[in-house]
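Take a look at the structure set out below.
2 protein chains.
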Amino acid sequence: MAVRFELLNTDPTGARTGILHTRKGSFPTPMFMPVATHAGFRHLAMEEVKETGAKVLLANTYHLMLRPGPEVFERFGGIHPFMGWDGAVLTDSGGFQIFSLPEDRLITEKGAHFRSFYDNSRRLLSPESSIAMQQAINSEIMMVLDVCIDSRTDEAGTREAMERTHRWAVRSLAAKEAKPTGQALFGIVQGGVHPHLRDESAAFLTKLPFDGFAIGGLAVGETKVERDTMTERATASLPQDKPRYLMGVGTPTDLLEAVLRGVDMFDCIIPTKMAQQGYAYTFQGLVRITRTVYQLDDGPLDPECDCYVCKKYTRGYLQHLMRGKHHLGSRFLSVHNVRHYQRLMERVREGILRNGYAQTYRELKAAIATPKDLKDEAAASAATLKDVG
Amino acid sequence: MAVRFELLNTDPTGARTGILHTRKGSFPTPMFMPVATHAGFRHLAMEEVKETGAKVLLANTYHLMLRPGPEVFERFGGIHPFMGWDGAVLTDSGGFQIFSLPEDRLITEKGAHFRSFYDNSRRLLSPESSIAMQQAINSEIMMVLDVCIDSRTDEAGTREAMERTHRWAVRSLAAKEAKPTGQALFGIVQGGVHPHLRDESAAFLTKLPFDGFAIGGLAVGETKVERDTMTERATASLPQDKPRYLMGVGTPTDLLEAVLRGVDMFDCIIPTKMAQQGYAYTFQGLVRITRTVYQLDDGPLDPECDCYVCKKYTRGYLQHLMRGKHHLGSRFLSVHNVRHYQRLMERVREGILRNGYAQTYRELKAAIATPKDLKDEAAASAATLKDVG
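Protein sequence lines, in the order shown, are assigned to chains A and B.
Using the UniProt record's numbering, the letters of the first sequence correspond one by one to residues 1 to 389.
Using the UniProt record's numbering, the letters of the second sequence correspond one by one to residues 1 to 389.
Listed below in structure tokens is the structure:
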């Protein structure tokens, strides 16, 4: 197997901790994967990301297909030497980006036809071309191309998308097997907000030789309750010995909820995106650094954090940078937020290992969410998600 | 004295090398001071700036007076702990910024009256308030408030501005002496493009107990020949035992020219500003990284450079970042350019120490300027200077 999942412990709550073995190393789960969309972060150097403890990064196939294109990855020997990252990389397939494209895209059984917004050239993203691009990128974990839909789609429409997702999953596997590269491939469970479709999707996909399974089609407009229910339903149908990845989720609270439901892997742009908007996640709640109260504050963002920003810079200075819209401020808040997510996962893993996740969950949930800040966060998250590329 | 200049050698060309002793350490000259306008760089962390070898940073009094304001510096104990810099800091006085303000400013004998563009509050920047702000910032080297004028101003207007600069210099000294802080104060030689006014200004100022002397009112629209002539004229009248600082200059070639004329200190936004526009200075000439020829180039920006960007990243990757307008690209090019300026000064100092600056000058000038790139540079510089805040 290109990746192997070693389950270390399942907590009484159902939360799991384990080790994901990849060709780039073995990494503990639950894990959070920061998003390096364009083979890079907007503000962070790879050295800084590595220092946060992140081991696996996510990169976006759709964006990298358009720029810099497969020939650049072929020339440089893949994404790792290109962007200077010696950890592991997971690539999404482009399914979510097709879903977000403007109306002039055309999705057929073959794939998604659209025009590049760089040069207006005609492009096809199909199960096969997505795998080919992910092979050029040379990620450790590839994802199948799936059909994403609005969560408000009716059952017939949801079934249609799910069944196409299944046919594309089979084609993705065939494309992968036609050119063995040592990369892993994950299937994606779809089925919208319909529990029996989620069951059916998991049943279909788990019969295929995937290295792991993602839960897709969430974080696209459903309610929190729907998301939690669908996550629980999907993980219940997934095998114990394969990693489970909840795509595109979420806030620290979302992660705590999904871990409770047996999820092992996460990615989300929230920690870096919120940083750019002046928000820092701390173990005392969300901090909006531009608030006047922080102007003369000589304390760190989070006294419980060990990132270099918390060790060296004050809230007062960070406010100065963010009020002045200096990119250095976004960079510093990004470093902190990415480290915070890693620290959160560390605490989660510790809790699960000693069969105490119920307590960890309660303590962390209370610590990170204060009512006022939660309101800020909800508003900012909503703004953020509209902005996802 | 708050700073002391130790002259080590004067080369047959007239180029000088020495040591500037400050309370934050002793630093070799000629030196280039990167510009941290708002108590910070747009993209660079202080650790990165320190790694380039820069020892003294410039910060802008006008900007810092408006935001974050003197009370913040008083609260944090000055600019060094605030921005996390343990080297030395030179603050300009705000004279150049007053000159660049929109028309509704009013400059009287008392000082410059204007409105803050943050909150529209009425402000006065006078010789005394400039010193008070620089004392709050707690820089190692303060500058007197001077009257900057367009270099095309006629002789009568130039004389008027120069004489006010002299009166303000006397008031600045008095303000400094009224509250001893251990900070140094430099006078600024004015006189536009009129050689005898430059003589007169230097003669007046050098009778006063300044710790060093700046040459002001250049890099504001005069020709290269005028700039070189005025620089030479001013340094000829300045004492050997005090440091000479040419304000706001310039490109690598400009620095080579001014060193030839006996200048010891420089500051300029060009290395970071040009980086943001995709330009890298190298010892093989100026590189516009977005040129298609670099797309598949797996070499470093400059094989002669030892910055971490040149050690780790390829031209191909830097192009990818800059074409995508990722701030990480501006950051990486800034790191390189700031290091390049420091390397340039290292080579200049080596040349002067062994009485071989004439050769160093010829070799470096030929190496860093290729005709095609010079054209690019001139165009970019012009665009850049329009944009100075």
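The C-beta atom is built at its ideal place from N, Cα and C for all residues, glycine as well.
Taking the beta carbon of residue i as the centre, do at least 16 other beta carbons fall within 10 Å, making it buried, or is it exposed?
{"i": "A/GLY278", "result": "buried"}
{"i": "B/GLU47", "result": "exposed"}
{"i": "A/TYR118", "result": "exposed"}
{"i": "B/LYS242", "result": "buried"}
{"i": "B/ASP267", "result": "buried"}
{"i": "B/MET1", "result": "exposed"}
{"i": "A/PRO12", "result": "exposed"}
{"i": "B/LEU197", "result": "buried"}
{"i": "A/PRO127", "result": "buried"}
{"i": "B/ALA156", "result": "exposed"}
{"i": "residue 435 of chain A", "result": "Nothing can be reported for residue 435 of chain A, as the shown portion of chain A is limited to 1 through 389."}
{"i": "A/GLY77", "result": "exposed"}
{"i": "A/LYS207", "result": "exposed"}
{"i": "B/LEU255", "result": "buried"}
{"i": "A/LYS176", "result": "buried"}
Give me the chain A residues within the contact set of residue i, using Cβ-Cβ distance strictly less than 7 Å, ordered along the chain.
{"i": "B/VAL3", "result": "The contacting residues do not exist; B/VAL3 stays about 26 Å from chain A at best."}
Between the alpha carbons of residue i and residue j, how many angstroms are there, rounded?
{"i": "A/ASN9", "j": "A/GLY182", "result": "28 Å"}
{"i": "A/GLU109", "j": "A/GLY221", "result": "25 Å"}
{"i": "A/ARG23", "j": "B/ARG244", "result": "58 Å"}
{"i": "B/THR231", "j": "A/GLY248", "result": "59 Å"}
{"i": "A/THR292", "j": "B/MET65", "result": "18 Å"}
{"i": "A/GLY69", "j": "B/LEU364", "result": "38 Å"}
{"i": "A/ALA45", "j": "B/LEU328", "result": "7 Å"}
{"i": "A/SER100", "j": "B/ASN337", "result": "39 Å"}
{"i": "B/LEU321", "j": "B/ALA366", "result": "30 Å"}
{"i": "A/MET274", "j": "A/ARG349", "result": "24 Å"}
{"i": "A/ALA15", "j": "A/ALA36", "result": "27 Å"}
{"i": "A/VAL263", "j": "A/LEU246", "result": "7 Å"}
{"i": "A/TYR317", "j": "A/GLY324", "result": "11 Å"}
{"i": "B/SER237", "j": "B/PHE210", "result": "15 Å"}
{"i": "residue 392 of chain A", "j": "A/TRP85", "result": "The requested residue 392 of chain A is not part of the displayed model; chain A covers only 1 to 389."}
{"i": "A/ASP298", "j": "A/THR290", "result": "14 Å"}
{"i": "A/THR253", "j": "B/VAL259", "result": "59 Å"}
{"i": "A/ASN120", "j": "B/HIS43", "result": "32 Å"}
{"i": "B/HIS21", "j": "B/PRO239", "result": "17 Å"}
{"i": "A/SER93", "j": "A/PHE186", "result": "10 Å"}
{"i": "B/ARG75", "j": "B/ARG122", "result": "23 Å"}
{"i": "B/PRO303", "j": "A/THR158", "result": "56 Å"}
Below 9 Å on C-beta distance, what does residue i contact in chain B?
{"i": "A/HIS43", "result": "HIS43, HIS326, HIS327, LEU328 and ARG331"}
{"i": "residue 391 of chain A", "result": "The shown model of chain A, from 1 to 389, leaves out residue 391 of chain A, and the question about it has no answer."}
{"i": "A/PHE76", "result": "LEU296, ASP298, THR314, GLY316 and TYR317"}
{"i": "A/ARG67", "result": "HIS320, ARG323 and GLY324"}
At which residues does the beta strand (DSSP E) containing residue i begin and terminate?
{"i": "B/GLY285", "result": "285 to 288"}
{"i": "A/ARG354", "result": "Careful: A/ARG354 lies outside any beta strand (DSSP E) and carries neither H nor E."}
{"i": "A/TYR245", "result": "244 to 246"}
{"i": "B/LEU57", "result": "56 to 59"}
{"i": "A/MET31", "result": "31 to 34"}
At which residues does the alpha helix (DSSP H) containing residue i begin and terminate?
{"i": "B/PRO252", "result": "252 to 260"}
{"i": "B/PRO12", "result": "Per DSSP, B/PRO12 belongs to no alpha helix (DSSP H) and is neither H nor E."}
{"i": "A/ASP199", "result": "195 to 205"}
{"i": "A/VAL72", "result": "70 to 76"}
{"i": "A/ARG233", "result": "224 to 236"}
{"i": "A/ALA45", "result": "Here A/ALA45 belongs to no alpha helix (DSSP H), and DSSP marks it neither H nor E."}
{"i": "B/PRO300", "result": "No alpha helix (DSSP H) contains B/PRO300, which DSSP labels as neither H nor E."}
{"i": "A/LEU318", "result": "315 to 323"}
{"i": "B/PRO81", "result": "79 to 83"}
Name, please, each residue of chain B whose Cβ falls closer than 7 Å to the Cβ of residue i.
{"i": "A/HIS336", "result": "Here the premise fails: no neighbours, minimum Cβ distance about 13 Å."}
Under 8 Å Cβ-Cβ, which residues of chain A neighbour residue i?
{"i": "B/MET83", "result": "TYR317"}
{"i": "B/VAL72", "result": "GLN295, LEU296, GLY316 and HIS320"}
{"i": "B/ARG291", "result": "Here the premise fails: no neighbours, minimum Cβ distance about 14 Å."}
Taking Cβ-Cβ distances shorter than 9 Å, what residues in chain A pair up with residue i?
{"i": "B/GLY40", "result": "TYR317, HIS320, LEU321, GLY324, HIS326, LEU328 and GLY329"}
Just to confirm, does residue i get its C-beta within under 7 Å of one of the non-hydrogen atoms of the ligand MG?
{"i": "B/ARG198", "result": "Of ligands this structure carries none, so the ligand MG is not represented either."}
Kindly confirm or deny that the region 187 to 194 of chain A and the region 24 to 38 of chain A touch, where touching means at least three C-beta pairs closer than 8 Å. no
Are the region 86 to 103 of chain B and the region 292 to 311 of chain A touching by the rule of at least three beta carbon pairs closer than 8 Å? no
With three or more C-beta pairs closer than 8 Å as the rule, is the region 347 to 359 of chain A touching the region 351 to 361 of chain B? no
Between the region 52 to 65 of chain A and the region 332 to 349 of chain B, do three or more beta carbon pairs fall short of 8 Å? no
How about the region 196 to 208 of chain B and the region 151 to 169 of chain B: do they share at least three Cβ pairs that are nearer than 8 Å? yes
When you compare the region 141 to 155 of chain A with the region 206 to 222 of chain A, are there three or more beta-carbon pairs, one atom per stretch, that lie closer than 8 Å? yes
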